[in-house]
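Here's the structure we're looking at; comments come further down.
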Amino acid sequence: MSIENIGIEEGAYLVKLARRAIETYILDGSKLKVDPPYEILKSNFGVFVTLSTYPRGLLRGCIGYPEPILPLYRATIEAAIAAALEDPRFPPLTVGELSSIVVEVSVLTPPEKIELDSREKLPENVMIGKHGLMVRSGWFGGLLLPQVAV
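Numbering (the numbering used here), first residue to last: -19 to 130.
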């Protein structure tokens, strides 16, 4: 199945799933178990869960899977918990913060390598707001989600 098969209903389900996964893990230490109502969510996709504060909109956590290594619903649960508790840039989310966190789920297409003969050609090969970027050099790397640039 392709990412084009993920619509508004599936997206809304993923956001609610991510929030429930965080709440369940923080409140009772257990991982949420679900049987997703949409078949597409059982397919492997990359996914990132981003948490931000409300109303200020400050980043509070962002972790995910750039590669499609897990069924989307499972990857969403794992990424949500990790974004809330394991992002090394922030302390773990607390019970008191649960009501003031905005949850965003970004479903990714498989990464494609861009082969260029010069860095100057990069802008003409990347669509801002549509393409994300993964940059790697040796053991180091980073990822920029498409919506971060807009």
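Every residue gets a Cβ at the ideal spot worked out from N, C-alpha and C, and that includes glycine.
Notebook entry, point to check: By DSSP, does Leu78 sit in helix, in strand, or in coil?
Noted result: Note: Leu78 maps to helix in three-state DSSP.
Item checked: Cβ-based burial, Gly109 [other Cβ within 10 Å; buried from 16] -> With fewer than 16 other Cβ atoms within 10 Å, it is exposed.
Margin query: Distance check for Thr89 and Leu52, CA to CA, integer angstroms please.
Written below: Thr89 has its alpha-carbon roughly 12 Å from the corresponding atom of Leu52.
Note to self: Give me, in chain order, the residues of the same chain whose beta-carbon lies closer than 8 Å to that of Tyr18; leave out the 5 immediate sequence neighbours on both sides.
What the structure shows: Answer for Tyr18: Glu(-11), Glu(-10) and Tyr(-7), listed in chain order.
Next item on the list: Pair every Cβ in the region 81 to 99 with every Cβ in the region 31 to 43, then say whether three or more of these pairs are closer than 8 Å.
Entry: Touching, yes.
Check: Thinking just about the alpha-carbon of each residue, which of Pro16, Leu21 and Glu104 is nearest to the one in Pro48?
Finding: For the residues Pro16, Leu21 and Glu104, the minimum Cα distance to Pro48 belongs to Leu21.
Item checked: Selected residue, minimal CA-CA separation from Leu124, among Ser117, Arg116 and Gly112 -> Answer by Cα proximity: Gly112.
Check: Hey, Val106 and Ala59: beta-carbon distance below 7 Å or not?
Finding: No, the Cβ-Cβ distance between Val106 and Ala59 is not below 7 Å.
Item checked: Val85 - partner residues in DSSP beta bridges -> Its beta-bridge partners are Val29.
Notebook entry, point to check: Which of helix, strand or coil does DSSP assign to Ile94?
Noted result: Coil at Ile94, not helix or strand.
Margin query: Using only the alpha-carbon positions, how far apart do Lys(-4) and Asp8 sit?
Written below: Lys(-4) and Asp8: Cα-Cα distance of roughly 18 Å.
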